[in-house]
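Chains as they are written, first to last, in the working numbering: chain A, 33 to 403; chain B, 2 to 1097.
No residue lacks a Cβ here, since even glycine has one placed at the ideal position from N, Cα and C.
Each remark here refers to the structure printed beneath this line.
The following block contains the structure:
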């Protein structure tokens, strides 16, 4: 083993843990969250929903199959393994990272990739110990401090109101600004066009739409939605608090006057619920895993889903025209809603998977059929 | 969905038959006691009455308990139907008893019995089972849903197989249909190999499948559960360390997969769900894949629509109680309404998230089978397995190797000598039970792992991790030879421990570095110093839970392991809970020849009794095939190493009041003295008792002092001593070298020639390696006494009698309780001697004493100051749980015992051994002083003959209906058999006999047909008689017990096992059988099944 430099993880509750540095020697802070998925680390790290969060993997061996080569330019076919063009998580915490990778698709080790991406990581940490802390104390943040940092992984320029405070909390900022595209763009070909409101959309959502012969128009999150020509709307996933999205809620509410099908995913689900008149709140420690059971309301049918969210739609706040579509079989939280009469639906989980189980891919297909 | 309406609408408790898997054999072992036991619990909870049919008397599932009736009967349609007649059950579950139960269910369905008795099959429909079992139908089904399968052809004849192979192209793989454990399967790279394989496979199976070989591909499995609503989950996946080509039972298996990307993981998971859904499986299922290591190509290898060995492993690896949940699902409940019993708050419909890595390593005992090929392939050969848990691959694999070799030094104990490149290359290029160690050797010799990969096709990720271990091994060696232990830093200790090094292993490196010999005493001494040094630096392991959710939810789990990759132990564990006294029960470790499910029964009984007596029961074991490692068998379960180091760690963390080392067989018993020396309190027998019983010289001296006779013996340090001894007592003698290069350790020498040969197999005769030579009595009866003593007084002891004369290992012998043919005076003398021994040893717990008797003269062979293999058998036959009673004694209570007399039992019990020779081609199925059986069965009935018939049938010695091929051995044996030969021919059986036997029989007026010896060109070919099933029983008695010569007799015996014909090699056993057959000519139609009475 090559000797690595020391690195410290400091938590907002004053606790400190020492480990070793992987990736870039930068200080980085963020909300501390954990995922229990055992595979799919490159997908998770590039998932824009993890923006501003320090991602802790509970599975202790990360990097085993390496990192596929990041395509020069994103194309649907070549970007398997990535959900955007860069790592969005602030920093990474793993127990043991694989120093070497031999998978046929691998081009880099986790360490090398994080260096390239200017993202720090810390290894030699006991994830289970941290999970207990995250579970006990709500809203823990942390900062990864390399022994000899050469700089900061910071969003200071994007969020000037944020003092160079030690602990960055994505829940207090309009973080969608940092992950949304700046210009709209189109992908795929087809008779139908779906407008995607990009609050940090995962590539696999776009891939799946394109694979279903849909022309996709990806819009910056602050676009004027009234001037878009499309057959349906997809409200994408994304980071942060759904209430910290400017007037997006109001713009979505306008869409509800129309008749084009709407599908909300994750943050998009929360936005749809807000637009409909429901409320949302921050969860104790969220759902971030590949094994969340959801139940189709009114049936004995369940699905295993991939999830990554820290906010939820409050039960009992849905207006009369709306109903729960899915509920979580473990904690009964709302996992999906639908309009009773119009083709408006949303799910808290990720039907596009990547990573995680693909059991609910039919939701996107169904949406496409309704266009 | 609640309970199925067919069960809910009965208006009374439903009666449900659960089929077990019978005696343990290679390919079908303890995992089915785990699954059956969980299923029984699950069914009972739902308020049903359960009827267990399983002749495996040593299992936990065959414990009588309220609401459960036990039928110790063969799991064969004929007998199950008879139980139907008596019990009139409402439903049957067959998914928990392995291939045996599944085959039986299919036969019951096809034969119309299910319909006739209106018995509902719970779980996967029979049509689906048949489809997954018939490879042709299976292939069709897979094609219909677009699942890739390897090119394959189902063949019913050799010609068809040849045609198939020419279409596919060599190499091909041949698999037998309707066979578990890959029996009769293998690779063929040319026409000749194909013919041999196909012929042997078709002997035991109506159909074989010839497929394209996919050597070098990865082998990956998924465990899947589906409910009647179609909700499907994968419990976990598993990746084989070795590439495809080695039976999964013989593979090192890692859970979860390590080298698969999300894309691959989800692709195979999706496929598994699609397959199971389209097949309509209800309950548990296992899907095996081959995955191309260079792209996303994969093929489906097979589907097991039942609980399997892999499910038991998956259950232990993930913490998800698969069998328990599956048993709920088959009753109609859906996964959404079943709670996850580990968290008690989340539902059973989810997929476990692991935050650790587990590794299963098979345990082969191929050295015990003389002549067995060590080559691994598609026929399973291992007799047991262990599973290790760690938070890094090196930590887990190092633990695993120590667990399976039962050597605290683990990798340090293997391949220390430098092998030639050529030799290594040869060993690496063929999969054998020793290949793993060759990989280690190659890495030690600084081979590049690319080269090892090229030879083995083992994934480079695994090889790189092993290389990391070997690099660290060098670092430890260098550091410890240059630094004093007190100078080693905490960081160094921790990094070594995180890579899985044990204290004993580091002790070996330290000794090696200093040029001091690695004797056991030196290793122990240095290990203790290392332990003390690192503890000074606070380098100790932490305890983590296996909770199915990676700590996402708080868990009530008691399922624990230790690791050095951790900052803290999980909250709420260990010594915080000390409001009760606690005992640590040491389990059996891996099953192997000599240690099997019977010791798991002992450990489970012990743990339950401790709980009943308000003690906190903590179990340590590393065998995933056990009930003792179930989530509810103890208050705390450590799925961890059974080493001195780890047991001390557990004792310290849990503040254990005492350790019970006498319930798990030989392995824990060996730990008793070192534990006592380390200051741990032993419950039950004290260290001195154990030492005296185990130490041959001390025990012998005690017997002399007590005036109890024993066979004469010496521990010879020179050849001259042996000569002098043999001159005094004469042949035959039993020879037991202390170290043997290969093969079985014990042998009977009948003459100087064989004595010399056995001695030459020993490394040397020297003061360091003495050879024990003892008197061997011919024609002596063997008698065992199993019992419980308290402070030197026997509380209860049961006599059992061996059918075979002394010379057959007690584990292979057929036993009967109560004794049938012993003089009352012999029994009196045995009991009297036992009382003296109990006093002399101050026995205080479970014990077993083995005696020899000739006329009324008795000798003591040995005394085990621990529970013995026969404990469950004896306990169930007499209706008194000896393990319970022994546990009471060990915690200082006097058990309430019914005054017991074996003569007032309402039945007779017979225990018979079960062998796995069919899986070990090339092995002579002859029995001798070394144990060879892999399992046992025990049956009860109103008389000896009935019980014997049932036990024989349960051990797959089926009643002959056509003819018997006899070779009766010595003149005396022929004479003994003569009266029975007459009776057998009177029953219409044709006797075929080898030359001498035929001549003898004919001379004495018995009709018999002489046959030639194998290899002779004229006369009737005996092998052909067996192959063509003209005879359906082979009696082949060797002239003596020398098992190592390749005789013509051996060729016949091997032919019998190869073609699936029962073979009896002992005359006493045969005579008892003849007695039973002739006493009940219509046994099957007249016998009325009877349930095992509950414990008194």
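Check your understanding: Thinking C-alpha only, which one of B:267, B:309, B:760 is nearest residue 734 of chain B?
Key -> As a position in the second chain, residue 734 of chain B is number 733, starting the count at 1. Closest option to residue 734 of chain B, Cα to Cα, is B:760.
Practice item. Would you be able to state if there are at least three C-beta pairs under 8 angstroms between the stretch 993 to 1000 of chain B and the stretch 916 to 925 of chain B? Key: no
Point to revise | Counterpart residues of residue 211 of chain B in DSSP-defined beta bridges | key: Taking the second chain and counting its residues from 1, the one referred to as residue 211 of chain B is at position 210. In the DSSP output, where bridge partners are listed per residue, residue 211 of chain B has B:154, B:175.
Check your understanding: For residue 1 of chain B, which three-state DSSP category applies?
Key -> For chain B, the structure presents residues 2 to 1097; residue 1 of chain B sits outside this window and is missing.
Review point. Can you tell which of B:520, B:367, B:429, B:622 has its C-alpha closest to the C-alpha of residue 451 of chain B?
Key: To locate residue 451 of chain B, count along the second chain from 1; it is residue 450. When only C-alpha atoms are compared, the closest one is B:429.
Check your understanding: Cα separation between residue 549 of chain B and residue 272 of chain A?
Key -> Sequence index remark: in the second chain, residue 549 of chain B carries index 548 (1-based). Sequence index remark: in the first chain, residue 272 of chain A carries index 240 (1-based). Going by the C-alpha atoms only, they are around 29 angstroms apart.
Practice item. Confirm, please, whether the CB-CB distance from residue 472 of chain B to residue 433 of chain B is below 8 angstroms. Key: What you label residue 433 of chain B is simply residue 432 of the second chain in a count that begins at 1. What you label residue 472 of chain B is simply residue 471 of the second chain in a count that begins at 1. No, the pair does not count as a contact, with Cβ atoms beyond the cut-off.
Review point. Touch check for the stretch 66 to 85 of chain A and the stretch 365 to 384 of chain B: three-plus C-beta pairs under 8 angstroms?
Key: no
Practice item. Provide the residue span of the alpha helix (DSSP H) that contains residue 969 of chain B, from first to last. Key: Numbered from 1 along the second chain, position 968 holds the residue referred to as residue 969 of chain B. It is not in any alpha helix (DSSP H) - residue 969 of chain B carries neither H nor E in the DSSP assignment.
Point to revise | Alpha-carbon to alpha-carbon, residue 539 of chain B and residue 639 of chain B | key: Sequence index remark: in the second chain, residue 639 of chain B carries index 638 (1-based). Sequence index remark: in the second chain, residue 539 of chain B carries index 538 (1-based). About 22 angstroms.
Review point. Does DSSP put residue 288 of chain A in a helix, a strand or coil?
Key: By 1-based counting over the first chain, the position of residue 288 of chain A is 256. Coil at residue 288 of chain A, not helix or strand.
Review point. Residue 295 of chain B versus chain A: which residues are under 8 angstroms apart at the beta carbon?
Key: As a working mapping, residue 295 of chain B is identified with position 294 in the second chain. 136, listed in chain order.
Review point. How would you call residue 383 of chain A, buried or exposed, if buried means at least 16 neighbouring beta carbons within 10 angstroms?
Key: For the purposes of this step, residue 383 of chain A is taken as the residue at position 351 of the first chain. Under this definition residue 383 of chain A is a buried residue.
Point to revise | Close beta carbons around residue 827 of chain B, own chain, < 7 angstroms, minus the five adjacent residues each side | key: Within the second chain, numbered from 1, the residue matching residue 827 of chain B stands at position 826. Result list for residue 827 of chain B: 854, 857, 859, in chain order.
Practice item. Measure from the C-beta of residue 280 of chain B to each C-beta in chain A and report whether the shortest distance is under 8 angstroms. Key: Taking the first residue of the second chain as position 1, residue 280 of chain B is located at position 279. No, residue 280 of chain B lies away from the interface with chain A (no Cβ there is under 8 angstroms from its Cβ).
Review point. Between the beta-carbon of residue 968 of chain B and the beta-carbon of residue 865 of chain B, is there less than 8 angstroms?
Key: One-based indexing of the second chain puts residue 968 of chain B at position 967. One-based indexing of the second chain puts residue 865 of chain B at position 864. No, they are not a contact pair.
Exercise for review: Examine chain A for any beta-carbon lying closer than 8 angstroms to the beta-carbon of residue 641 of chain B, and answer yes or no.
Suggested key: Position 640 of the second chain, counted from the first residue, corresponds to residue 641 of chain B. So no, residue 641 of chain B is outside the interface.
Practice item. Check each residue of the stretch 354 to 382 of chain A: if its Cβ is closer than 7 angstroms to any Cβ of chain B, include it; give the result in chain order. Key: 361, 362
Review point. Terminal residues of the continuous beta strand (DSSP E) containing residue 48 of chain A?
Key: Counting from one through the first chain, the residue named residue 48 of chain A turns up at place 16. Taken as a continuous stretch (DSSP letters only), the beta strand (DSSP E) holding residue 48 of chain A covers 48 to 55.
Check your understanding: If you run the structure through DSSP and keep just helix, strand and coil, what is residue 804 of chain B?
Key -> Locating residue 804 of chain B in the second chain gives position 803, counting from the first residue. Three-state result, residue 804 of chain B: coil.
Point to revise | Complete runs of the beta strand (DSSP E) confined to the stretch 534 to 612 of chain B [at least 3 residues] | key: 543 to 546, 560 to 564, 583 to 587
Point to revise | is_contact[residue 567 of chain B, chain A] using C-beta, thresh 8 angstroms | key: For the purposes of this step, residue 567 of chain B is identified with residue 566 of the second chain, where counting begins at 1. Closer than 8 angstroms: yes.
**Study point:** Reference residue 218 of chain A; option with closest CA among A:208, A:332, A:229
**Key:** As a working mapping, residue 218 of chain A is identified with position 186 in the first chain. Closest option to residue 218 of chain A, Cα to Cα, is A:229.
Check your understanding: What residue does the beta strand (DSSP E) around residue 1058 of chain B start on, and which one ends it?
Key -> Along the second chain, read from residue 1 onward, the residue named residue 1058 of chain B stands at position 1057. Looking at the DSSP string, residue 1058 of chain B is not in any beta strand (DSSP E); the run it does join, the alpha helix (DSSP H), is 1049 to 1059.
**Study point:** residue 424 of chain B, enclosing alpha helix (DSSP H) - first and last residue
**Key:** As a first step, residue 424 of chain B must be located in the second chain, where it is residue number 423. Residues 422 to 430.
**Study point:** Separation of residue 243 of chain A from residue 61 of chain B, as counted between CA atoms
**Key:** Walking along the second chain from the start, residue 61 of chain B turns up at place 60. Walking along the first chain from the start, residue 243 of chain A turns up at place 211. When rounded, the distance between both Cα atoms is 54 angstroms.
Exercise for review: Would you mind working out which of B:386, B:983, B:830, B:71 sits nearest residue 1005 of chain B, comparing C-alpha positions?
Suggested key: Your numbering for residue 1005 of chain B matches position 1004 in the second chain. Per the Cα distances, B:983.
Exercise for review: Express the C-alpha separation of residue 387 of chain A and residue 290 of chain A in angstroms, rounding to a whole number.
Suggested key: The residue given as residue 290 of chain A occupies position 258 in the first chain. The residue given as residue 387 of chain A occupies position 355 in the first chain. Taking the straight line from one Cα to the other gives about 33 angstroms.
Exercise for review: Pull up the CB-CB distance for residue 231 of chain A and residue 268 of chain A, whole angstroms please, since I reckon it's below 8 angstroms.
Suggested key: Counting from 1 along the first chain, the entry for residue 231 of chain A is found at position 199. Counting from 1 along the first chain, the entry for residue 268 of chain A is found at position 236. Confirmed, Cβ separation roughly 5 angstroms.
Check your understanding: Does the distance from the CB of residue 660 of chain B to the CB of residue 681 of chain B come in under 8 angstroms?
Key -> Position 659 of the second chain, counted from the first residue, corresponds to residue 660 of chain B. Position 680 of the second chain, counted from the first residue, corresponds to residue 681 of chain B. Yes, they are a contact pair.
Exercise for review: Determine the direct distance from the alpha carbon of residue 955 of chain B to that of residue 426 of chain B, and round the result to whole angstroms.
Suggested key: Along the second chain, one-based indexing puts residue 426 of chain B at 425. Along the second chain, one-based indexing puts residue 955 of chain B at 954. The alpha-carbon atoms of residue 426 of chain B and residue 955 of chain B are separated by roughly 45 angstroms.
Check your understanding: Taking the alpha-carbon positions, what's the residue 210 of chain B to residue 293 of chain B distance?
Key -> Within the second chain, numbered from 1, the residue matching residue 210 of chain B stands at position 209. Within the second chain, numbered from 1, the residue matching residue 293 of chain B stands at position 292. Each residue's Cα considered, the two are about 22 angstroms apart.
Exercise for review: Answer yes or no: do residue 37 of chain A and residue 53 of chain A have a C-beta to C-beta separation smaller than 8 angstroms?
Suggested key: Indexing the first chain from 1 puts residue 37 of chain A at position 5. Indexing the first chain from 1 puts residue 53 of chain A at position 21. Their beta carbons are under 8 angstroms apart, which means residue 37 of chain A touches residue 53 of chain A by this criterion.
Point to revise | Spatial distance of residue 339 of chain A from residue 173 of chain A (CA atoms) | key: For the purposes of this step, residue 339 of chain A is identified with residue 307 of the first chain, where counting begins at 1. For the purposes of this step, residue 173 of chain A is identified with residue 141 of the first chain, where counting begins at 1. Their backbone Cα atoms lie some 20 angstroms apart in a straight line.
Check your understanding: Are residue 591 of chain B and residue 503 of chain B closer than 8 angstroms when you measure CB to CB?
Key -> Here residue 591 of chain B is taken as the residue at index 590 of the second chain, counted from 1. Here residue 503 of chain B is taken as the residue at index 502 of the second chain, counted from 1. Taking 8 angstroms as the Cβ cut-off, residue 591 of chain B and residue 503 of chain B do not qualify as a contacting pair.
Review point. With a Cβ-Cβ cutoff of 8 angstroms, do residue 198 of chain B and residue 189 of chain B count as a contact?
Key: For the purposes of this step, residue 198 of chain B is identified with residue 197 of the second chain, where counting begins at 1. For the purposes of this step, residue 189 of chain B is identified with residue 188 of the second chain, where counting begins at 1. Closer than 8 angstroms, so yes.
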